[in-house]
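A.B. asks: This note's numbering applies: residue 15 is where the sequence shown begins, and numbers increase by one. Ideal Cβ placement from N, Cα and C applies to all residues, glycine included. As the structure is a computational prediction, the values presented were derived from the model and not from experiment.
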Amino acid sequence: MDTFHAQPVHPFAFETYTVVAAPVPLPAALNKEPGAGGQQRFIAATRKLMDKKWLVLALRLACTIILIALLGKSLSWASLWTALLHARHGDLVVALIVGTGGIVLSAYQWRSLLNTEHIRFDLADLINLYLVGIAFSHFLPTGMGGDGIKALYVGRESGNSTGSISATVMCRVTGFLGMLLVALPVLVLWHARFAPNLILSFLLFSLLVGSMIGGAFLVAIFLPGMFKGKWARHRVFSSLLRVGTALSASIRSPRALAAGIAYGAIFWVIAILNSYSYAKSLGIGVPLYFYCVAIPLISLVAFLPISINGFGLRETAFVFVFSAAHVNSTFALLLALLLDAQALLFGGVGACIYLTMSGKVKASSSLKGVKNHVKNNHV
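1) Considering just the uninterrupted stretch of the alpha helix (DSSP H) at Asp354, what are its terminal residues?
2) Report back the beta-carbon spacing between Thr330 and Leu73 to the nearest angstrom; my notes put them in contact at under 8 Å.
3) Can you have a look at Ser13 and say buried or exposed, based on whether 16 or more other CB atoms are within 10 angstroms of its CB?
4) Leaving out five residues on either side along the sequence, give the residues of the same chain with a beta carbon under 8 Å from the beta carbon of Phe208.
5) Buried or exposed: where does Ile179 fall if 16 or more other Cβ atoms within 10 Å of its Cβ makes it buried?
6) Would you tell me roughly how many angstroms separate the C-alpha atoms of Phe334 and Arg269, rounded to the nearest one?
7) Mapping the DSSP letters down to three states, classify Leu287 as helix, strand or coil.
8) Is Ala279 near Gly192, with beta carbons less than 8 Å apart?
9) Closest to Leu119 by CA distance: which of Ala206, Leu94, Ile275, Asn342 is it?
10) What does the Cβ neighbour count give for Arg125, buried or exposed, with the cut at 16 atoms within 10 Å?
11) With a cut-off of 8 Å, do at least 3 Cβ pairs link the region 135 to 143 to the region 159 to 172?
12) Can you tell me whether DSSP reads Ser267 as helix, strand or coil?
13) Beta-carbon within less than 6 Å of Gly147's beta-carbon, same chain only, minus the 5 sequence neighbours each way: which residues are those?
14) Quick one: residues in its chain with C-beta nearer than 7 Å to the C-beta of His152, no 5 flanking neighbours on either side, listed in chain order?
15) Check the C-beta distance from Gly364 over to Ala149 and give it rounded, since I have them as a contact under 8 Å.
16) May I ask you to report which of helix, strand or coil DSSP gives Leu212?
17) Which whole-angstrom value is the C-beta distance of Asn288 and Gly113, which I expect to be below 8 Å?
18) Taking the alpha-carbon of Trp95 as reference, which of Thr176, Leu349, Val300 has the nearest alpha-carbon?
19) Please report the residue range of the alpha helix (DSSP H) in which Ala339 lies.
20) Taking the alpha-carbon positions, what's the Arg266 to Thr130 distance?
21) Would the beta-carbon of Leu271 fall within 8 Å of that of Thr370?
22) Let me confirm a value: Leu203 is counted as buried when at least 16 other C-beta atoms fall within 10 Å, else exposed. Which label applies?
23) Just to confirm the assignment, what range does the alpha helix (DSSP H) spanning Asp161 have?
24) What's the gap between the Cα of Leu296 and the Cα of Phe231?
25) Find the nearest neighbour of Ala76 within the set Leu195, Gln123, Pro319, judged by alpha-carbon distance.
26) Does DSSP classify His205 as helix, strand or coil?
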């Protein structure tokens, strides 16, 4: 049996998916018939799955292009450029520093949840992995997102894949609960100052995501007894089961859950201040409390799997949401583009971190990744 020795941070998880369709030896349990027939069927099934993923990616790319084109036709690019030239450079620097703080805090939250799973990682390594995850999400928009990269790498390094996936899932869940902890009190205190359609949109999207989390929890309880055989191994059911299992395990550790929610709430405060700082640099005079609802709502909208990484959808949501505060569409779009530029900057840093890793380590890790993927998932 191959033994994997821990190395410095070398995020190589993506290669598992880029080469998994290549012919590799299968475990005996997967070869239903003697000879190469079982392996050929495996390759054909894998290629069919990849073709389906590329079709979904193509549809999302088309939606992204359409949204950006419609948005571009409705705005004056000359006005956009003029507004950018008049932005206050000092506030832009402050906003970037605040955004960097959000990256560090997210890594702290992740480490806290990993510690709950008895996984120990250096904070600097987690920050690097977080940036690499952003790079994969922005520059390689395949079915394998940044969260998957982080979970696979940490799971492989620690030898605890289940714990790594649980911690990654709980980062999202506690982040959502932390968002509600920030936004709902603001809605209660200043509800009269928000447009009714904005309040309704926020509540509906929050209910949608909350229902998904609650449904995953119920699936974790009832699915094993309701479905047997291939149904229980279906990708949709197995994904929901994984999320629900992470939730049920966290309930048995309320202190860790509370810490994760607290980190999530602080992260949203930083994200709100990040957007507020960029808005101040553009001279947008909207009260801070408005951002406590607007930014979470825009994030919930961008979460929908309609466009690639939310591009086009996020910018449209900015224009729509800030129109409720009587902000000119040009300034609202420019605010969204500044935040996009910040994310691309962080993604560029993450790409540099990834590209500076040893090619030899990546290649050897990729081969082990294929073996582990086939052995552990029993495709």
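C.D. replies: With the structure as the only source:
1) 343 to 369
2) Not a contact, Cβ separation roughly 17 Å.
3) Residue 13 lies beyond the range of the chain shown here (15 to 393); nothing can be said about it.
4) Leu201, Phe304, Val307, Ala338
5) buried
6) 39 Å
7) helix
8) With respect to the 8 Å criterion, Ala279 and Gly192 are classified as neighbours on the basis of their beta carbons.
9) Ile275
10) Buried, because 16 or more other Cβ atoms sit within 10 Å of the Cβ of Arg125.
11) Taking one beta carbon from each stretch, the region 135 to 143 and the region 159 to 172 have 3 or more pairs nearer than 8 Å; the two touch.
12) coil
13) For Gly147, where only same-chain residues beyond five positions count, the Cβ hits under 6 Å are Gly160, Ile163, Lys164.
14) Asn323, Ala357, Leu358, Gly361
15) 3 Å
16) helix
17) 5 Å
18) Leu349
19) Run containing Ala339: none; DSSP gives neither H nor E here.
20) Straight through space, the alpha carbons of Thr130 and Arg266 are spaced by roughly 11 Å.
21) no
22) exposed
23) 160 to 172
24) Here the alpha carbons of Phe231 and Leu296 stand approximately 43 Å from one another.
25) Pro319
26) His205 carries a helical assignment under DSSP once its states are collapsed to helix, strand and coil.
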